[in-house]
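Report on the following structure.
Numbering (our numbering), first residue to last: 14 to 144.
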């Protein structure tokens with residue numbers, strides 16, 4: 014695997030097409046290495062992340078929260094494993110994007126479709142029975 018050193022970081026800091034924040038660039042490089050370790054230890058990133066799927070009803074009211082107990086747990090575990098820039102709010106947004114959280118408002122035209130997609134989705138490492 015290619016390692017990013019000081020030259021690559023300097024090049025990225027000059028790239029106007031990305032956020033040029035040294036801490037974030039360093040975190041991306043670090044987190045990529047942690048992701049490789051996680052795949053080796055857990056089998057896949059998806060298998061790890063989906064263990065943090067919140068139980069039904071954990072969100073009080075859709076679209077009113079920016080964190081959840083599940084995003085706090087995921088954030089703490091990633092930080093324990095050496096990840097950076099993975100706070101609870103960032104993890105909540107990640108969980109929304111990955112489909113672990115469906116916080117479409119009640120009455121939203123997309124909520125039933127998201128619920129159906131979640132119902133049909135086979136979680137990594139699990140067999141769906143009765144579909």
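The C-beta atom is built at its ideal place from N, Cα and C for all residues, glycine as well. Since the structure is predicted, the reported quantities are computational estimates derived from the model, not experimental observations.
Residue of the options minimising C-alpha distance to residue i
| i | options | result |
| --- | --- | --- |
| residue 17 | 32, 33 and 38 | 38 |
| residue 118 | 108, 77, 28 and 131 | 77 |
| residue 81 | 95, 49, 114 and 110 | 114 |
| residue 67 | 109, 21 and 94 | 109 |
| residue 43 | 130, 134, 124 and 91 | 91 |
| residue 84 | 70, 75, 74 and 106 | 106 |
Integer-rounded CB distance, given that residue j should sit under 8 Å from residue i
| i | j | result |
| --- | --- | --- |
| residue 87 | residue 116 | At roughly 16 Å, the Cβ-Cβ gap does not stay under 8 Å, so residue 87 and residue 116 are not in contact. |
| residue 40 | residue 98 | 4 Å |
| residue 64 | residue 94 | Not really, about 13 Å apart at Cβ, beyond 8 Å. |
| residue 13 | residue 52 | There is simply no residue 13 to check, as the chain begins at 14 and stops at 144 in what is shown. |
| residue 138 | residue 60 | 5 Å |
Range of the contiguous alpha helix (DSSP H) that encloses residue i
| i | result |
| --- | --- |
| residue 19 | 19-26 |
| residue 127 | 124-133 |
| residue 115 | Element bounds for residue 115: n/a, residue is neither H nor E. |
| residue 99 | Careful: residue 99 lies outside any alpha helix (DSSP H) and carries neither H nor E. |
| residue 58 | 58-62 |
| residue 42 | 35-55 |
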